[in-house]
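Novice: Numbering (this note's numbering), first residue to last: 18 to 433.
Before I ask anything, here is the structure I am working with.
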Ligand code: GLU
């Protein structure tokens, strides 16, 4: 029996690999293994039936050498401090890879949002925000959506923060609704970045996006938007899934119709004319592009060998373990690692923050153009490192990101 790895094991192993390649200063390596600050909070919430519940939440601030902490907040029953620490670390590397002036953070609340009403979620979010008040803010730490949080959650955070300040502070959080200072294109940005990266990888392999077959694991915000954009760009989306299972249709699904079906029934499963498949089967399908857009640790030593995709573009954070990376490399599967592939979300978060600070509102065209320039540049920089040093794309991305963070740490010096 292989011992299951946690997300933090994976993140620390990746850091170790990059540290070795970069010949990283041991002091800097040690510093980067640990978050700068982790805050654990007990969120007392009134339920709709009048009872109270206490949920445990946290905010982990990993590193802010390159700018304010930045990263999403997830609501999920399996949230742990270790997981959020790994996710915060990945945010540090991701912001550096995307070359935006932020450090990395992540927040999490251990709860099951599927079993909570809108009112309960609002009270939970506001109470959680009140507990983070001294630690977040436009120049300190800027939250955003993640698993099972959305633009509405961000609006509640903005309002709670603003109520305490006494004036409106839209720049304290990103991924907001457009009506309260959100950016055009933010809702789809992560997925647009994923599909742009898949396109760049396809170019390198001499594949055409038109009619490329795509399988997407996860039909939350990232997965659904990725399926939609891939479809709009002429790809054939042959399979999608959610936590209850997946569906497969060789001729290509219509993601819009599948979305309607999920809205009505709560899952993509049992969509007409499709074969129901498991999440494991989806990952192992014959296809050009596989987009894991669910949770961590989906592709491991146990199933990496069975992956038949030509390109894997990681919409989720940490879906692939280092052992699986090796297998991909041996099999010649082109991997676009998470800190590059899904960096479109935080990149447009940065655009949103800039727009809020300057009281501007850019057009969708402008946002999408700027996003494409940034992510294509990051892709090419990483690919170049990968070619020159004969490294995996993941290692190349870590070399670029961790190298930039280390440079900033050394330049700032150690106080006191
Ligand atoms: N949660 C997203 C991520 O993992 C977005 C973070 C952000 O926009 O700050 O990249």
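Glycine is no exception: its CB is placed at the ideal position from the N, C-alpha and C atoms.
Can you check whether the CB of residue 122 is closer than 8 Å to the CB of residue 151?
Specialist: no
Novice: Going by DSSP, name the residue or residues bridged to residue 259.
Specialist: 262
Novice: Quick one: grab the DSSP three-state call for residue 78.
Specialist: strand
Novice: Helix, strand or coil for residue 269? Go by DSSP, reduced to three states.
Specialist: coil
Novice: Bridge partners of residue 124, per DSSP?
Specialist: Partner(s): 76, 90.
Novice: By DSSP, does residue 63 sit in helix, in strand, or in coil?
Specialist: Three-state DSSP puts residue 63 in a strand.
Novice: I need the straight-line Cα distance from residue 74 to residue 193, nearest angstrom please.
Specialist: 21 Å
Novice: In chain order, what residues of the same chain have a beta carbon less than 7 Å from the beta carbon of residue 18, not counting five sequence neighbours either side?
Specialist: Summary for residue 18: the model assigns pLDDT 45, below 50, so the residue's position carries little reliability, and this model does not support an answer.
Novice: Quick one: complete alpha helix (DSSP H) runs, 4+ long, within the stretch 198-254?
Specialist: 203-222, 238-249
Novice: Kindly provide the ranges of any beta strand (DSSP E) runs that are 3 or more residues long and lie completely inside the stretch 340-425, ordered along the chain.
Specialist: 351-353
Novice: Using the DSSP secondary-structure output, state which residues sit across from residue 85 in a beta bridge.
Specialist: DSSP lists no partner for residue 85.
Novice: How about residue 264 and residue 301: are their beta carbons less than 8 Å apart?
Specialist: no
Novice: For residue 154, write down the residues that DSSP places opposite it in a beta bridge.
Specialist: Bridge partners of residue 154: 158.
Novice: Run the proximity test for residue 191: is its beta-carbon closer than 7 Å to any non-hydrogen atom belonging to the ligand GLU?
Specialist: Because some heavy atom of the ligand GLU lies under 7 Å away, the Cβ of residue 191 counts as near it: yes.
Novice: Starting from residue 114 and walking both ways along the beta strand (DSSP E), at which residues does that stretch end?
Specialist: Careful: residue 114 lies outside any beta strand (DSSP E), inside the alpha helix (DSSP H) at 98-114.
Novice: Okay, do the stretch 243-259 and the stretch 304-314 touch, 3+ Cβ pairs below 8 Å being the bar?
Specialist: Contact check between the stretch 243-259 and the stretch 304-314: three or more CB pairs, one atom from each, fall below 8 Å, which counts as touching.
Novice: Can the beta-carbon of residue 254 be found closer than 8 Å to that of residue 233?
Specialist: yes
Novice: To the nearest angstrom, how far is the alpha carbon of residue 414 from that of residue 357?
Specialist: Their Cα atoms are separated by approximately 7 Å.
Novice: Would you decide whether residue 428 is buried or exposed? Buried here means 16 or more other CB atoms lie within 10 Å of its CB.
Specialist: Residue 428 comes out exposed.
Novice: Closer than 7 Å: is that where the CB of residue 366 sits relative to any heavy atom of the ligand GLU?
Specialist: yes
Novice: Do residue 230 and residue 304 have their C-beta atoms closer together than 8 Å?
Specialist: yes
Novice: Could you tell me the alpha carbon to alpha carbon distance between residue 270 and residue 284, rounded to whole angstroms?
Specialist: 15 Å
Novice: Leaving out five residues on either side along the sequence, give the residues of the same chain with a beta carbon under 7 Å from the beta carbon of residue 261.
Specialist: 284, 286
Novice: Spell out the partners DSSP gives residue 57 in its beta bridges.
Specialist: 75
Novice: Below 8 Å, can you find three or more Cβ-Cβ pairs linking the stretch 74-91 to the stretch 166-173?
Specialist: yes
Novice: Residue 386: buried (16+ other C-beta within 10 angstroms of its C-beta) or exposed?
Specialist: Around the C-beta of residue 386, fewer than 16 other C-beta atoms lie within 10 Å, and the residue is accordingly described as exposed.
Novice: Would you say residue 478 touches the ligand GLU, meaning its beta carbon is less than 7 Å from a heavy atom?
Specialist: There is no way to answer for residue 478, as the model of the chain reaches only from 18 to 433.
Novice: Please list, in chain order, all residues of the same chain as residue 81 whose beta carbon is under 7 Å from its beta carbon, the five residues on each side excluded.
Specialist: 53, 120
Novice: What is the DSSP secondary structure of residue 69, reduced to helix, strand or coil?
Specialist: Residue 69 falls in the strand class under three-state DSSP.
Novice: What's the C-alpha gap between residue 46 and residue 38?
Specialist: Residue 46 and residue 38: Cα-Cα distance of roughly 12 Å.
Novice: Which residue's Cα is closest to the Cα of residue 71: 247, 299, 137?
Specialist: 137
Novice: Got a sec, what are the start and stop residues for the beta strand (DSSP E) residue 309 sits in?
Specialist: 306-309
Novice: To which residues does DSSP link residue 293 through a beta bridge?
Specialist: 264
Novice: Are residue 116 and residue 24 close, meaning C-beta to C-beta below 8 Å?
Specialist: no
Novice: Return the CA-CA distance between residue 184 and residue 374, expressed in angstroms with no decimal places.
Specialist: 14 Å
Novice: Our contact map puts residue 410 next to residue 399 with C-beta atoms below 8 Å; I'd like the distance itself, whole angstroms only.
Specialist: 6 Å
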